[in-house]
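Each residue of the sequence shown is one higher than the last, beginning at 0 in numbering that gives the first Met the number 0. Each residue gets a CB set at the ideal place from its N, CA and C atoms; glycine is no exception. It should be emphasised that the depicted structure is a prediction, and the values quoted were computed from it without experimental measurement. Let me begin by presenting the structure, written as structure tokens, before commenting on it.
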Amino acid sequence: MPVLCSSCAEKRAVLKRPKTAHSLCKECFFWAFEEEVHQTIVSAQLFKHGETVGIGASGGKDSTVLAHVMKVLNERYNYGLKLLLLSVDEGITGYRDDSLETVKRNQQQYELPLKIVSYEELYGWTMDAIVKQVGLKNNCTFCGVFRRQALDRGAMMLKVDKICTGHNADDVAETVLMNVLRGDIARLRRCTAISTASEGEGVVPRCKPLKYAYEKEIVLYAYFKKLDYFSTECIYSPNAYRGHARTFLKDLEAVRPSAIMDVIHSGENLSVREGVKMPVQGTCGRCGYISSQALCKSCVLLEGLNRGLPRLGIGKHHRLHEKILSQQPLTQEEERKLKAVDF
Ligand code: SF4
Ligand code: ZN
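What follows is the structure, given as structure tokens:
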């Protein structure tokens with residue numbers, strides 16, 4: 000006997016929602032998924048009428064679903080937002096070039112303007128060239144730091160008021176776990192926030208409308224809506240630490256489906272004891288971007304690449320920042336330590 004949709008009791012159910020275990024038909028699932036994102040947006044007051052919002056678009060399932068749902072809700076509830084797509088081209092042959100083709104198709108399908116900023120034009124380095132110099136172990140550190148700044152720069156070029164990204168509940172729970180495992184209190188406190196205010200010059204506020212959406216449901220939504228997205232993994236994606244957190248979370252979820260939400264709630268409810276030292280945010284002495292050190296992470300990584308000393312931005316070499324800023328030469332010993340590519 001076919002199972003009827005538990006919401007409309009008319010059509011045949013085609014799926015069991017991972018989040019609620021309800022059996023739903025396609026239309027009722029779409030409605031439930033979109034309404035939950037709408038509730039997230041409204042209750043956290045993510046946007047104001049008239050704002051220009053840049054949707055971080057990679058061509059992957061999360062950002063494609065985000066772009067689609069943002070467009071639907073903007074029209075359905077008259078948010079009054081000017082939406083556009085903002086993409087970063089890291090310069091990864093065989094991966095990003097293909098996924099950007101997907102974004103370009105999405106641009107046509109959703110009729111949204113698109114801006115692509117590339118690492119090559121911003122930093123003079125592609126990820127292909129960076130991997131050649133640094134190898135495949137810390138490449139994601141470079142990529143992640145550069146991407147954050149690239150999105151901000153793209154957003155500023157387009158005079159965007161806010162950036163929204165496709166981070167889902169699984170991503171947030173993974174990040175909570177990673178920060179617990181690393182003992183990174185400052186990030187742990189920030190990572191569950193659904194939106195960040197502008198933290199300083201050159202930083203555009205960000206938000207995550209899919210923060211409470213399960214990855215499994217995003218995949219189902221994209222599948223049943225027949226959305227056009229790119230599903231290949233990055234060719235440089237060892238990113239081992241996040242991978243372990245992900246596997247651990249998936250194992251937990253198999254035993255207890257609410258594990259993802261539970262981890263997020265734990266992260267949200269953690270409070271930091273008074274008197275715990277937090278990094279003080281200032282600005283980078285070279286580029287003006289926010290930084291808790293004399294130089295921002297991006298400038299240090301770039302300096303390391305340009306000097307052929309890739310280790311400069313990996314690990315703690317804060318005392319060298321002042322030296323770099325004032326263009327003093329490093330000692331031979333300092334150079335020797337930073338040169339090795341055995342990391
Ligand atoms: Fe960049 Fe690493 Fe992501 Fe590839 S997996 S896009 S190198 S952060
Ligand atoms: Zn800088």
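Between S236 and the ligand SF4, is the CB less than 7 Å from at least one heavy atom?
Yes - the ligand SF4 has a heavy atom lying nearer than 7 Å to the Cβ of S236.
Return the chain-ordered list of same chain residues with a C-beta closer than 8 Å to the C-beta of G93, the five sequence neighbours on each side being excluded.
Excluding residues within five positions, the ones whose Cβ falls inside 8 Å are I234.
From E321 to A293, what does the alpha carbon distance come to, in whole angstroms?
Taking the straight line joining both Cα atoms gives about 7 Å.
In or out: F342 buried (at least 16 other Cβ within 10 Å) or exposed?
For F342, the predicted structure reports a pLDDT of 43, less than 50, and the residue's modelled location is therefore unreliable. The matter cannot be settled from this model.
Would you identify the three-state DSSP class for I40, choosing helix, strand or coil?
The answer is helix: DSSP assigns I40 an H, G or I state.
Rounded to whole angstroms, what is the Cα-Cα separation between L300 and V202?
When rounded, the distance between both Cα atoms is 19 Å.
Taking the C-alpha atoms as reference points, what is the distance between I323 and A185?
Straight-line Cα distance between these residues: approximately 26 Å.
Go ahead and pull the three-state DSSP assignment for G307.
Residue state, collapsed to three classes: coil.
Beta-carbon proximity check, N73 vs L83, cutoff 8 Å
In this structure, L83 does not lie closer than 8 Å to N73 by Cβ.
From K136, W124, A221, K210, residue whose alpha carbon lies closest to that of R306
If we check each option's Cα against that of R306, W124 comes out closest.
Starting from the N-terminal end, write out each residue whose C-beta falls within a distance shorter than 6 Å of any non-hydrogen atom of the ligand ZN.
Every residue passing the under-6 Å Cβ criterion appears here: C283, R285, C286, Y288, L294, C295, S297, C298.
Would you say the beta carbon of I193 comes nearer than 7 Å to a heavy atom of the ligand SF4?
No, Cβ of I193 sits at least 7 Å from all heavy atoms of the ligand SF4.
Cβ of G143 within 7 Å of any heavy atom in the ligand SF4?
The answer is yes for G143.
My output table needs one value for G59: the three-state DSSP class, helix, strand or coil.
In the three-state scheme derived from DSSP, where H, G and I count as helix and E and B as strand, G59 is classed as coil.
With a floor of 4 residues, list each alpha helix (DSSP H) that falls wholly inside the stretch 53 to 117, ordered by position along the chain.
Counting only runs that start and end inside the stretch 53 to 117, the alpha helix (DSSP H) elements of at least 4 residues fall at 60 to 75, 95 to 109.
Express the C-alpha separation of G165 and A178 in angstroms, rounding to a whole number.
The sequence given here places Asn at residue 178; Ala does not occur at that position. Their backbone Cα atoms lie some 20 Å apart in a straight line.
Consult DSSP for I259 and reduce its assignment to one of helix, strand or coil.
Of the three classes helix, strand and coil, the one that applies to I259 here is helix, per DSSP.
Candidates E232, A20, Q38, of which the one nearest I193 by Cα
Comparing C-alpha distances from I193 to each of E232, A20, Q38 shows the shortest one belongs to Q38.
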